[in-house]
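A.B. asks: Take a look at the following structure, please.
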Amino acid sequence: MTIHSSHTYTVTDQAARWNANSAARLHELGSNDDPSYRALSHLILQKLTGLLPDGHGSVLDVGCGIGFLSSHIASLGFTVVGIDPADQGIEIASTPHTQPHLQFEATSLEDYASNHPNASFDALVANMVLHCVPNHYSFFAAAARLLAADGAFIATLPNPDTYLPGRSDVDVSDYNMQTSYVFEIPFRIHGKDAHPERVLFFHRPMKEYIAAATEAGLAVSNLSVPEHIGVGRAKRISVLILTKA
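If you count the sequence shown from 1, position 205 lands on 204 in numbering that gives the first Met the number 0, and the numbers rise without skipping.
Written out as structure tokens, the structure is:
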């Protein structure tokens with residue numbers, strides 16, 4: 000594990016790492032070999048259909064990767080746009096996932112908001128994305144611009160208090176989890192080999208996310224830590240739901 004607390008990273012830096020891992024990720028999801036993804040996607044779909052029970056509405060899947068969750072959401076009848084700055088992942092996503100009300104774009108959330116000033120979505124979804132974002136303030140500001148007045152932003156993220164301390168392949172015993180750090184760590188699903196490229200993990204205490212969301216004009220509707228999500232993830236995932244303040 001490498002730590003880079005003083006270095007400033009960009010979305011492009013992170014995207015290059017995920018591009019290098021896109022083929023490995025396709026193999027995992029395409030072979031249904033990630034039980035944690037299955038658990039997380041089920042949770043998000045449950046939250047989404049609870050907020051939009053008629054199955055209609057527009058959804059922006061932020062940090063969609065290779066598009067599996069976007070496709071699942073679209074299969075329920077929602078109109079979905081999946082975005083991710085890792086263009087190789089978007090290229091993979093655009094091939095098998097071809098529902099008529101589903102489209103993909105290789106872009107960051109900030110650039111999407113700037114390039115689509117009139118866009119508005121009933122829901123934004125960010126599945127295990129917030130810890131990959133270099134600038135959470137600009138991220139939430141863009142989210143607020145794109146979220147409809149009565150919409151909701153659903154995010155899952157590693158529980159800042161327990162996720163890294165609970166990983167056997169990452170030693171954070173010398174670090175204060177109430178402080179922000181940038182770690183360079185392997186990406187792997189539980190019990191599997193690591194992906195080829197290490198990724199940037201922007202560790203922040205939850206209060207940092209809430210402060211950035213509040214500054215952007217968003218309010219916490221619900222914050223929970225489910226007892227268990229996926230293999231080896233007891234109380235290690237947080238679920239954050241935001242609305243317009």
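In this text, a Cβ means the ideal position worked out from N, Cα and C, and glycines have one as well. Because the structure is a prediction, the values reported are computed rather than measured.
Would you list the one or two residues that DSSP bridges to glycine 81?
C.D. replies: Sequence index remark: in the sequence shown, residue 81 carries index 82 (1-based). Glycine 81 pairs with Asp60, Phe103.
A.B. asks: How about asparagine 20: is its Cβ closer than 7 Å to a heavy atom in the ligand NAD?
C.D. replies: What this structure holds is no ligand at all, so the ligand NAD is not there to describe.
A.B. asks: With H, G and I counted as helix, E and B as strand and the rest as coil, what does DSSP make of leucine 163?
C.D. replies: Here residue 163 corresponds to residue number 164 of the sequence shown, with the count starting at 1. Correct three-state label for leucine 163: coil.
A.B. asks: Could you pull the DSSP bridge partners for histidine 202 from this structure?
C.D. replies: Numbered from its first residue, the sequence shown carries residue 202 at position 203. The partner list for histidine 202 (beta bridge, DSSP) reads Tyr180.
A.B. asks: Locate the alpha helix (DSSP H) running through isoleucine 236, then write down its first and last residues.
C.D. replies: Position 237 of the sequence shown, counted from the first residue, corresponds to residue 236. Note, isoleucine 236: premise wrong, no alpha helix (DSSP H); beta strand (DSSP E) at 236-243.
A.B. asks: Beta-carbon separation of valine 132 and phenylalanine 201 under 8 Å?
C.D. replies: Walking along the sequence shown from the start, residue 132 turns up at place 133. Walking along the sequence shown from the start, residue 201 turns up at place 202. Going by C-beta atoms, valine 132 is nearer than 8 Å to phenylalanine 201.
A.B. asks: Given alanine 148, which residues of its chain have a CB within under 8 Å of its CB, disregarding the five upstream and five downstream residues?
C.D. replies: The count along the sequence shown starts at 1 and reaches residue 148 at position 149. If we look at alanine 148 and ignore the five residues flanking it on each side, its Cβ neighbours are Lys243.
A.B. asks: With C-beta atoms as the reference, is alanine 112 less than 8 Å away from alanine 141?
C.D. replies: By 1-based counting over the sequence shown, the position of residue 112 is 113. By 1-based counting over the sequence shown, the position of residue 141 is 142. Result yes, Cβ atoms of alanine 112 and alanine 141 sit closer than 8 Å.
A.B. asks: Using a 10 Å radius around the Cβ and a threshold of 16 neighbouring Cβ atoms, would you call proline 159 buried or exposed?
C.D. replies: The residue labelled residue 159 in the question sits at position 160 within the sequence shown. Classification for proline 159: buried.
A.B. asks: I need the straight-line Cα distance from asparagine 258 to arginine 144, nearest angstrom please.
C.D. replies: A question about residue 258 goes unanswered here, because the residues of the chain that appear run from 0 up to 244.
A.B. asks: Return the first residue and the last residue of the beta strand (DSSP E) that threonine 97 is part of.
C.D. replies: Counting from 1 along the sequence shown, the entry for residue 97 is found at position 98. Looking at the DSSP string, threonine 97 is not in any beta strand (DSSP E), and its letter there is neither H nor E.
A.B. asks: I'd like the list of long-range same chain contacts for valine 238, defined as Cβ closer than 6 Å, with 5 residues on each side in sequence excluded.
C.D. replies: Working through the sequence shown from its first residue, we reach residue 238 at position 239. For valine 238, where only same-chain residues beyond five positions count, the Cβ hits under 6 Å are Thr155, Ser223.
A.B. asks: Any idea what DSSP makes of alanine 210, helix, strand or coil?
C.D. replies: Within the sequence shown, numbered from 1, the residue matching residue 210 stands at position 211. Alanine 210: helix per DSSP, three-state reduction.
A.B. asks: Measuring only the C-alpha atoms, how far is lysine 206 from alanine 212?
C.D. replies: Here residue 206 is taken as the residue at index 207 of the sequence shown, counted from 1. Here residue 212 is taken as the residue at index 213 of the sequence shown, counted from 1. The straight-line gap from Cα to Cα measures roughly 10 Å.
A.B. asks: Taking the DSSP output, what are the residues bridged to threonine 155?
C.D. replies: Taking the first residue of the sequence shown as 1, we reach residue 155 at position 156. Its beta-bridge partners are Asn126, Val238.
A.B. asks: Specify the secondary structure class of serine 40 as computed by DSSP and reduced to three states.
C.D. replies: Stepping through the sequence shown from its first residue, residue 40 is reached at position 41. Three-state result, serine 40: helix.
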